[in-house]
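> Sharing a structure, written as structure tokens. Questions coming.
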Amino acid sequence: MNKHFLLWGIIFCSINCSGQKKIALYFENIANGKKIVLNDCVYSNIFGEKYTITKLKYYVSNICFVTKAVSEIDKKVYLIDASKGDSIVKRVGRKIKGISFLLGVDSALNCSGAQSGTLDPLNDMFWTWNNGYIMFKLEGKSDTSKADKNRIEQHIGGYKGAYKTMRKIFIPIDEKYFMNKNSLTIQLNLDEYWKGINEIRIAENPVIAAPGVLAKKAADNFTKIFSIKN
Amino acid sequence: MKIRITIFLSLFIAVSLLFIGASKKMQVPTPIAFIIPKGFPKPATNIFAKNKLTEEGFLLGKKLFYDARLSKDGEVSCASCHQQFAAFATYDHDLSHGVFNSFSNRNAPALINLAWMKEWHWDGGINHLENQPLSPLSATNEMGEKLDTVLMKIKADTSYRRMFKLAFGDANITSERMLKAITQFVGSLVSANSKYDKVKRGEDKFILPEEKGYEIFKANCNTCHIEPLFTDNSFRNNGITLNRFKDVGRQGISLDNKDSLKFKVPTLRNVGLTLPYMHDGQLKVLDKVIAHYTSLDTALKNLDPLLKRKLILTDKEKKQLEMFLYTLTDTSFTKNKRYAL
Chain E
0 MNKHFLLWGI IFCSINCSGQ KKIALYFENI ANGKKIVLND CVYSNIFGEK
50 YTITKLKYYV SNICFVTKAV SEIDKKVYLI DASKGDSIVK RVGRKIKGIS
100 FLLGVDSALN CSGAQSGTLD PLNDMFWTWN NGYIMFKLEG KSDTSKADKN
150 RIEQHIGGYK GAYKTMRKIF IPIDEKYFMN KNSLTIQLNL DEYWKGINEI
200 RIAENPVIAA PGVLAKKAAD NFTKIFSIKN
Chain L
0 MKIRITIFLS LFIAVSLLFI GASKKMQVPT PIAFIIPKGF PKPATNIFAK
50 NKLTEEGFLL GKKLFYDARL SKDGEVSCAS CHQQFAAFAT YDHDLSHGVF
100 NSFSNRNAPA LINLAWMKEW HWDGGINHLE NQPLSPLSAT NEMGEKLDTV
150 LMKIKADTSY RRMFKLAFGD ANITSERMLK AITQFVGSLV SANSKYDKVK
200 RGEDKFILPE EKGYEIFKAN CNTCHIEPLF TDNSFRNNGI TLNRFKDVGR
250 QGISLDNKDS LKFKVPTLRN VGLTLPYMHD GQLKVLDKVI AHYTSLDTAL
300 KNLDPLLKRK LILTDKEKKQ LEMFLYTLTD TSFTKNKRYA L
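Note that the protein sequences, when read in sequence, are chains E and L.
213 is the number that numbering that gives the first Met the number 0 gives to position 214 of the first sequence; each next residue is one higher, with no gaps.
53 is the number that numbering that gives the first Met the number 0 gives to position 54 of the second sequence; each next residue is one higher, with no gaps.
This is how it looks when you write it as structure tokens:
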């Protein structure tokens, strides 16, 4: 709790001398046009498959507010968890063109051995039998799932060659966006996960739990999954 | 006046001594050097680059390695399947026992010269030695325990708190530190003092059958089992067909059909002690391994190209080869008290 107050404290101390401004960055997860509520709410994908969500976690790293000049890349790795509501404090300068980030964890961090914080294997986002981070994890239930207990387990990972699943995201932002705003909310629209570029049907693939063709297919949908909340 | 000076001086000395004593208590961990044995290549990557090898870290790693409480039923430690007298393999077990009398699907590999590898496990699924303990700790047919429970057990033990403090400067117990400590121990398991090594260093001599066996070895085996590590750390299909566990080996990690039934080339160091052999321990004794290679069906699909050439050895030559392989036994390794509990 204290940590949160501290965060807000920093945000309200706003504009500093270099013309940069501190803002709060939020990730909000939506499905069917509504903010995702875990466990109870029933959602439906484009194929009419109804499902509930018990877990939604994903890594976001290399966040960068892109400007015309050289932009600073934040090397921190954030773990966005739909069961929590953390914000990320960022500094933005003038004349920004957009925000870019990596959905997932870059290759080097996938083979750097034991790590702490968001990369601690305690976060349950690391494969112990075929080492590498799970970039995106969605779990839930659906009557259309033929897997054990009708479960949905979309564990999307893989960092090598053709099967890599981290994706660079760029979203343009209006230059004047932060003139009278102190925060930015990026929305992940889960509807796009099932049908972005590729089709992922719960009936066909309720469980994806290893790197490979399927995980890559799902990862290709990440590129269209994010937008800015107005 | 003199007395006063003496009192002052002795007080000063006493206080200084106390200060030195106190600072000794807070002393930093004692670094230890990782020594590359004479004739060994430099490891491709330094596994201790971001995990400074220290005496305290090594000892903590050893304690964790031998601690069966970390497993779900409290019966299985790392050392259960990696026994020192078997060069840290499981002696005379094709498969190892996990918690609740379960069986693993593979033969426990010997922990020898791990610092020279780049990928670990029979299929190379481990990309950094520090990650390796996560696999046996959590596998339901090995130690079967959740990582958070493992850490809870460690935190509950005051001797661990003391040892973490000695190794890392404070008593904070994290998964990263636990994994780094275990790596310090297992990464330090170096075997380089067998009769073979002594012969190479000019301290000993092969007897004739060993000498003949070495010639046979050099002519037929050392393209994969390259000296002095006796492995090239590659993955190869050596003609062992798909087993009852449908274990495809490397293909499961690389997702490449060409890697079907490829497994890691194991080191032959201490091979006389690491029986039974192959990834599922299906060959019980060493002469069966030699017989496997001399009776191999060279028409097998996906067989390693190096094995396509038929290996023909007389019974005498087979025995000589076996005699040479026994010279790779390093009792100073298997009896090293530093590695023992």
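Quick reminder that beta carbons are idealized off the backbone N, C-alpha and C, glycines included.
Computed from a predicted structure; not experimentally measured.
Is it true that the CB of I151 of chain E sits closer than 9 Å to the CB of I98 of chain E?
Counted from its first residue, the first sequence places residue 98 of chain E at position 99. Counted from its first residue, the first sequence places residue 151 of chain E at position 152. Not in contact: I98 of chain E and I151 of chain E (Cβ atoms no closer than 9 Å).
> Counting only Cβ pairs nearer than 8 Å, list the residues of chain L close to D119 of chain E.
Translated into positions along the first sequence, residue 119 of chain E becomes position 120. Here the neighbours are T173, S174 and E175.
> In terms of residues, what are the limits of the beta strand (DSSP E) holding K49 of chain E?
Position 50 of the first sequence holds residue 49 of chain E. K49 to T66 is the span of the beta strand (DSSP E), which, as asked, contains K49 of chain E.
> Below 9 Å between beta carbons: does that hold for F234 of chain L and G248 of chain L?
On the second sequence, position 235 is the one that residue 234 of chain L refers to. On the second sequence, position 249 is the one that residue 248 of chain L refers to. Result yes, Cβ atoms of F234 of chain L and G248 of chain L sit closer than 9 Å.
> With a threshold of 8 Å, are at least 3 pairs of Cβ atoms found where one atom belongs to the segment 311-329 of chain L and the other to the segment 202-215 of chain L?
Flag = yes, the segment 311-329 of chain L and the segment 202-215 of chain L touch.
> How would you list, in chain order, the residues of chain L whose beta-carbon sits under 9 Å from the beta-carbon of G211 of chain E?
For this step, residue 211 of chain E is matched to residue 212 along the first sequence. Going along chain L in sequence order, the residues near G211 of chain E (Cβ under 9 Å) are L254.
> DSSP on V76 of chain E, reduced to helix/strand/coil?
Here residue 76 of chain E corresponds to residue number 77 of the first sequence, with the count starting at 1. V76 of chain E: strand per DSSP, three-state reduction.
> Whether or not the segment 324-336 of chain L and the segment 187-205 of chain L are in contact is what I'm after, with contact meaning three or more pairs of Cβ atoms, one per stretch, closer than 8 Å; do they touch?
With a cut-off of 8 Å, the segment 324-336 of chain L and the segment 187-205 of chain L count as touching, because enough Cβ pairs lie within range.
> Quick check on I289 of chain L: does DSSP put it in helix, strand or coil?
For the purposes of this step, residue 289 of chain L is identified with residue 290 of the second sequence, where counting begins at 1. I289 of chain L: helix per DSSP, three-state reduction.
> State the CB to CB distance for the pair I199 of chain E and K216 of chain E, rounded to an integer number of angstroms; the pair is presumed to be in contact (CB under 8 Å).
As a working note, residue 199 of chain E is residue 200 in the first sequence. As a working note, residue 216 of chain E is residue 217 in the first sequence. Going by Cβ atoms, the distance from I199 of chain E to K216 of chain E rounds to 7 Å, so yes, they are a contact pair.
> Relative to the C-alpha of P208 of chain L, which candidate in L:E316, L:A86, L:F57 and L:L59 has its C-alpha closest?
By one-based count along the second sequence, residue 208 of chain L stands at place 209. Out of L:E316, L:A86, L:F57 and L:L59, L:E316 has the C-alpha closest to the C-alpha of P208 of chain L.
> Could you list which residues in chain L have their beta carbon closer than 7 Å to that of S111 of chain E, in chain order?
What you label residue 111 of chain E is simply residue 112 of the first sequence in a count that begins at 1. In chain order: H127.
> Identify the continuous alpha helix (DSSP H) that holds I153 of chain L and give its terminal residues.
For the purposes of this step, residue 153 of chain L is taken as the residue at position 154 of the second sequence. Element bounds for I153 of chain L: L146 to K154.
> By DSSP, does E138 of chain E sit in helix, in strand, or in coil?
Counted from its first residue, the first sequence places residue 138 of chain E at position 139. DSSP places E138 of chain E in strand when its eight states are reduced to three.
> Taking 9 Å as the threshold (beta carbon to beta carbon), is S137 of chain L in contact with chain E?
As a position in the second sequence, residue 137 of chain L is number 138, starting the count at 1. Yes, S137 of chain L lies at the interface with chain E (some Cβ there is under 9 Å from its Cβ).
> List the DSSP bridge partners of H96 of chain L.
Counting from one through the second sequence, the residue named residue 96 of chain L turns up at place 97. Bridge partners of H96 of chain L: L:F102.
> Between which residues of its own chain and C223 of chain L is the CB-CB distance below 6 Å, once the five residues before and five after are set aside?
The sequence position of residue 223 of chain L within the second sequence is 224, counting from 1. D231 and V264, listed in sequence order.
> Taking the alpha helix (DSSP H) that K62 of chain L falls in, what are its first and last residues?
Within the second sequence, the letter at position 63 stands for residue 62 of chain L. Segment E54 to F64, the alpha helix (DSSP H) holding K62 of chain L.
> What is the rounded straight-line gap between the Cα of K261 of chain L and the Cα of Q250 of chain L?
The sequence position of residue 261 of chain L within the second sequence is 262, counting from 1. The sequence position of residue 250 of chain L within the second sequence is 251, counting from 1. Each residue's alpha carbon lies about 7 Å from the other.
> Determine the DSSP secondary structure at Y90 of chain L, reduced to helix, strand or coil.
Taking the first residue of the second sequence as position 1, residue 90 of chain L is located at position 91. Reduced to three states, the DSSP call for Y90 of chain L is coil.
> Compute the Euclidean distance between the alpha carbons of S76 of chain L and K83 of chain E, then round it to the nearest angstrom.
Residue mapping note: residue 76 of chain L aligns to position 77 of the second sequence, counting from 1. Residue mapping note: residue 83 of chain E aligns to position 84 of the first sequence, counting from 1. Approximately 36 Å between the Cα atoms of the pair.
> In its own chain, which residues sit with a C-beta less than 6 Å from the C-beta of K71 of chain L, not counting the 5 before and 5 after it?
Taking the first residue of the second sequence as 1, we reach residue 71 of chain L at position 72. Taken in chain order, the residues that qualify are V98, G143 and E144.
> Can you check whether the CB of K54 of chain E is closer than 9 Å to the CB of K136 of chain E?
Here residue 136 of chain E refers to the residue found at position 137 of the first sequence. Here residue 54 of chain E refers to the residue found at position 55 of the first sequence. In this structure, K54 of chain E lies closer than 9 Å to K136 of chain E by Cβ.
> Quick check on the DSSP output: the alpha helix (DSSP H) that includes S82 of chain E runs from which residue to which?
As a first step, residue 82 of chain E is located in the first sequence; it is residue number 83 there, counting from the start. From DSSP, S82 of chain E is part of no alpha helix (DSSP H); its letter is neither H nor E.
> For the segment 158-188 of chain E, list the beta strand (DSSP E) runs that are entirely contained and at least 3 residues long, ordered along the chain.
Qualifying beta strand (DSSP E) stretches, in chain order: 166-171 and 182-188.
> What are the boundary residues of the alpha helix (DSSP H) that includes Q319 of chain L?
Here the question's residue 319 of chain L lines up with position 320 in the second sequence. Note, Q319 of chain L: alpha helix (DSSP H), D314 to Y325.
> Identify each residue in the segment 93-116 of chain L for which the Cβ-Cβ distance to at least one residue of chain E is less than 8 Å, and report them in chain order.
Against chain E - using a Cβ distance shorter than 8 Å - the segment 93-116 of chain L contributes no residues.
> Can you tell me whether I172 of chain L is buried or exposed, with buried defined as 16 or more other CB within 10 angstroms of its CB?
Residue 172 of chain L sits at position 173 when you count from the first residue of the second sequence. With 16 or more other Cβ atoms within 10 Å, it is buried.
> Assuming Y65 of chain L and A78 of chain L make a contact with CB atoms under 8 Å, what is their CB distance in whole Å?
Start at 1 with the first residue of the second sequence, and residue 65 of chain L comes out as number 66. Start at 1 with the first residue of the second sequence, and residue 78 of chain L comes out as number 79. Their Cβ separation, rounded to whole angstroms, is 5 Å, which keeps Y65 of chain L and A78 of chain L in contact under 8 Å.
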